[in-house]
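For the sequence shown, this note's numbering gives the first residue as 6, with consecutive numbering after it.
Yeah, the Cβ is synthetic: ideal placement off N, Cα and C, and Gly gets one too.
It should be emphasised that the depicted structure is a prediction, and the values quoted were computed from it without experimental measurement.
Following: one structure in structure tokens, then a few remarks.
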Amino acid sequence: MKSFISFLAIVSAIIVSSCKSSVQPPAPLYPVPNERQLSYMHNPHAAFIHYGMNTYTNKEWGDGHEKVTSFNPSDTVDTDQWARVLKECGFDRIVFTGKHHDGFCLWPSKANKVNPHTIAQSPYLNGNGDLFEQLSESCTKYGIDMGVYLSPWDAYEEHVGGNYTSELYNDFYVTQLNEVLSKYGRYNEKLGRREIVEIWLDGATGSNNPPVYDFNRFVDVMRKYQPTAYIWIDALRAFKSCAMGDTCKVDGAWAMNEKGQAPDPCWHKMDTCGVTTDDCKNRPNGEFFFLLEADVSIRNGWFYGDGGGVKSATDLFKERYMKSIGRGTPLILNIPPDKNGRITDEYIAILKKYKEYIDTTFDNNIIPSNTTASATEVRGNCNTYAANKSIDNDYDTYWTMNDSSTTGSITLDFGEYVKFDIVQFQEYIPLGQRVAEWSVDVKTNDGWQEYAKGSTIGYKRIVQGSVVEAEAVRLNITSSLAVPLINEFGVFLSHEDLREESSLVDNGSGKFIIEPDFISVKETDGEVSVKVKLLNGGEQECSVYVATLPGSGVQGKVYEDRTATLIFPVGVTEQEFKVNIINNQNNEGDKDFFIQLSNATGKGVTIGEKSTVRILVDDDES
Ligand code: FUL
Numbered sequence: 006m007k008s009f010i011s012f013l014a015i016v017s018a019i020i021v022s023s024c025k026s027s028v029q030p031p032a033p034l035y036p037v038p039n040e041r042q043l044s045y046m047h048n049p050h051a052a053f054i055h056y057g058m059n060t061y062t063n064k065e066w067g068d069g070h071e072k073v074t075s076f077n078p079s080d081t082v083d084t085d086q087w088a089r090v091l092k093e094c095g096f097d098r099i100v101f102t103g104k105h106h107d108g109f110c111l112w113p114s115k116a117n118k119v120n121p122h123t124i125a126q127s128p129y130l131n132g133n134g135d136l137f138e139q140l141s142e143s144c145t146k147y148g149i150d151m152g153v154y155l156s157p158w159d160a161y162e163e164h165v166g167g168n169y170t171s172e173l174y175n176d177f178y179v180t181q182l183n184e185v186l187s188k189y190g191r192y193n194e195k196l197g198r199r200e201i202v203e204i205w206l207d208g209a210t211g212s213n214n215p216p217v218y219d220f221n222r223f224v225d226v227m228r229k230y231q232p233t234a235y236i237w238i239d240a241l242r243a244f245k246s247c248a249m250g251d252t253c254k255v256d257g258a259w260a261m262n263e264k265g266q267a268p269d270p271c272w273h274k275m276d277t278c279g280v281t282t283d284d285c286k287n288r289p290n291g292e293f294f295f296l297l298e299a300d301v302s303i304r305n306g307w308f309y310g311d312g313g314g315v316k317s318a319t320d321l322f323k324e325r326y327m328k329s330i331g332r333g334t335p336l337i338l339n340i341p342p343d344k345n346g347r348i349t350d351e352y353i354a355i356l357k358k359y360k361e362y363i364d365t366t367f368d369n370n371i372i373p374s375n376t377t378a379s380a381t382e383v384r385g386n387c388n389t390y391a392a393n394k395s396i397d398n399d400y401d402t403y404w405t406m407n408d409s410s411t412t413g414s415i416t417l418d419f420g421e422y423v424k425f426d427i428v429q430f431q432e433y434i435p436l437g438q439r440v441a442e443w444s445v446d447v448k449t450n451d452g453w454q455e456y457a458k459g460s461t462i463g464y465k466r467i468v469q470g471s472v473v474e475a476e477a478v479r480l481n482i483t484s485s486l487a488v489p490l491i492n493e494f495g496v497f498l499s500h501e502d503l504r505e506e507s508s509l510v511d512n513g514s515g516k517f518i519i520e521p522d523f524i525s526v527k528e529t530d531g532e533v534s535v536k537v538k539l540l541n542g543g544e545q546e547c548s549v550y551v552a553t554l555p556g557s558g559v560q561g562k563v564y565e566d567r568t569a570t571l572i573f574p575v576g577v578t579e580q581e582f583k584v585n586i587i588n589n590q591n592n593e594g595d596k597d598f599f600i601q602l603s604n605a606t607g608k609g610v611t612i613g614e615k616s617t618v619r620i621l622v623d624d625d626e627s
């Protein structure tokens, strides 16, 4: 051991002595993230709160004809409980639906002077309620950031309110933005003002003839009051605003699904040359840095309702956290309060378990303190860029190589056997996203073997495999757009409930999949049928949860909500799952929804890659 240490000392002496002081850091690979995007990547765990008129009418999308008297919580809405519970459960921000598509405002908006449709007209606190104000106070009190969801699509104004020419509507909406962004938010002492960290302008439009929204004007108001807010706008609008200016005015949008999962590979870059706006995203050489955000609800619907497929803590960890934050993408998890204006005990118990899973897995860095790091090449032979910069716990230092090198490896030698099942590594993304392919090897008793491989890294990549005991781990960058920069590299052991105690070699444990991945149906077809299959299984009883999920079409309008736990007795490997399609009389255009698998039970049984079916319902009226 002694001679090994002196050998290392000599090696570092050589590195330091041959390092030229003129060695510069690598140039940025544009586009690079802005401050708002970086700040979200550093604190990527967000909570959504969907609460409002729909909570009381049991709808997912209201149509604007709801009576203000329907919004009648039995008690004061407990925003303190929301902020306290969500802070305790590890969330960094709360984004709240102050106005959903039905147009009912949860603050006393005066934007519509003639026919207001707000909490001030409702029985809540005798017309003195203001949930944005309440939540601003609660977020300040409990130290959690606040964001707002203000739906541009406003069914009330479309049908009843009277502000429905494009010009009138844009004036109306700008007044609402002024009201909300100038007054509410968590009080930020450093800034000396109330701060809104995120503004979510949902992309749904219910009408075939929506007003022409003036997004440039909207964004100017947002930047005026809340320059630090991450602006989320549906891809189409973001695309247009990017195409208009030399920089993209908005910061991000959805991750092209509402499953809480980032695509893989995941490039946070977009350009303006795709056929559809989603085509423009996730492009390795995209012109604009565009941060995807993975959204999902804890239940099978965005607003509170009975039953409805509540996700387990294991599902939240493995299927959402690991496939969003674990792919370098912020996760926004929706926790809808019930009719009493409170987060239910059932949800709190799940969130606490989920938090325990995250904490026990990631809180302890299990790399032994005498671990040594080495690399195939170090930039200019300089200590500043040496492999140990990936284990020094300093975000701003990194391992890198000379500019012409786009492949290379770093190895962590633990000096003892370490048991782990999670490997985590990060690219230094302030200088641009670069890595296109990587692999990880582990050195066990049997020598070196491949543990995992994948495509992008981005802000962070977390990979879970089977539990191994290894004396060294190696990260190989096998393809990169420019010289790679790795600022963190580590291993962890997951909470015991989450481990896959199998050997390195895939032992063929069962996987549930759903087929096909896409179906197009007519509104008049009555029903749609899909197949749930168990691959490599059938020797033991197991089960899987199947549920419908809204897309641009919602339950009750386009399809009938359906959830089921399908039990697969020994020997059964395939079952059918049917969903009723609603033949409505609206001219609403084609709509889609999803059928999704989650919560597999049975030893070693998991959900396979094919876990979702998209159903496109052809509207016979349009
Ligand atoms: C969707 C909306 O239509 C849903 O109601 C929900 O608000 C979700 C976050 O975005 O597109």
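Item                                                                                                                         : Value
Own chain, CB closer than 8 Å to ASP446, minus 5 neighbours either side, in chain order                                      : TRP453, GLN454, GLU455, TYR456, VAL478, ARG479 and ASN481
The stretch 425–434 touching the stretch 459–475, judged by at least three CB pairs closer than 8 Å                          : yes
DSSP bridge partner residues for THR570 (one or two, in chain order)                                                         : TYR550
7 Å CB neighbourhood of GLY190 in its chain, flanking five on each side removed                                              : SER141, MET151, ARG199, GLU200 and ILE201
Touch test, the stretch 331–351 against the stretch 78–93, Cβ-Cβ under 8 Å, three pairs minimum                              : yes
Closest residue to ASN77 among VAL100, SER127 and TRP66 (Cα-Cα distance)                                                     : SER127
CB of ILE337 within 7 Å of CB of ASP300, strictly                                                                            : yes
Own chain, CB closer than 6 Å to GLY67, minus 5 neighbours either side, in chain order                                       : MET58, ASN59 and ASP107
Neighbour-count burial assignment, GLN29, 16 or more Cβ in a 10 Å radius                                                     : exposed
Exposure label - HIS105; buried when at least 16 CB within 10 Å                                                              : buried
Local conformation of MET58 per DSSP, three classes                                                                          : helix
Inter-stretch contact at 8 Å, needing at least 3 Cβ pairs: the stretch 40–59 / the stretch 406–417                           : no
Buried versus exposed, by CB contacts within 10 Å (16 or more), ILE572                                                       : exposed
Extent of the continuous beta strand (DSSP E) to which ALA88 belongs                                                         : Note, ALA88: premise wrong, no beta strand (DSSP E); alpha helix (DSSP H) at 84–93.
ASP300 CB to nearest heavy atom of the ligand FUL below 6 Å                                                                  : yes
Beta-carbon contacts of THR319 that lie in its chain and below 7 Å, excluding the five residues immediately before and after : ASP502 and LEU503
Integer-rounded CB distance, given that PHE582 should sit under 8 Å from VAL535                                              : 5 Å
Cβ pair count under 8 Å reaching 3, the stretch 303–312 against the stretch 271–279                                          : no
Distance between beta carbons of GLU626 and ASN585, contact taken as under 8 Å                                               : Between GLU626 and ASN585 the Cβ distance is about 18 Å, and since that is not below 8 Å, they are no contact.
Length of the line joining the Cα atoms of GLY148 and LYS92                                                                  : 7 Å
Where the beta strand (DSSP E) containing ILE491 begins and where it ends                                                    : 490–497
Bounding residues of the beta strand (DSSP E) (the contiguous stretch that carries TYR422)                                   : 413–432
In DSSP terms, what LEU206 is bridged to                                                                                     : ILE238
Check: ASP566 C-beta below 6 Å from any heavy atom of the ligand FUL                                                         : no
Residues sharing a beta bridge with HIS50, DSSP                                                                              : LEU336
TRP307 Cβ short of 6 Å to the ligand FUL heavy atom set                                                                      : yes
Three-way DSSP call (helix, strand, coil) for SER409 in this model                                                           : coil
Counterpart residues of VAL153 in DSSP-defined beta bridges                                                                  : PHE101 and ILE204
C-beta contact flag for GLY291 and ASN305 at 7 Å                                                                             : no
Exposure label - SER616; buried when at least 16 CB within 10 Å                                                              : buried
Best match in GLU614, VAL610 and ILE620 for proximity to ILE600 [C-alpha to C-alpha]                                         : ILE620
ALA354 - containing alpha helix (DSSP H), residue span                                                                       : 350–367
Reduced DSSP category for CYS387 - H, G, I as helix; E, B as strand; rest coil                                               : coil
CB-CB length for GLU476 against TYR422, believed under 8 Å                                                                   : 5 Å
Presumed contact (8 Å Cβ cut-off) between ALA209 and TRP158, rounded CB distance                                             : 6 Å
Beta-carbon gap between CYS110 and THR102 smaller than 7 Å                                                                   : no
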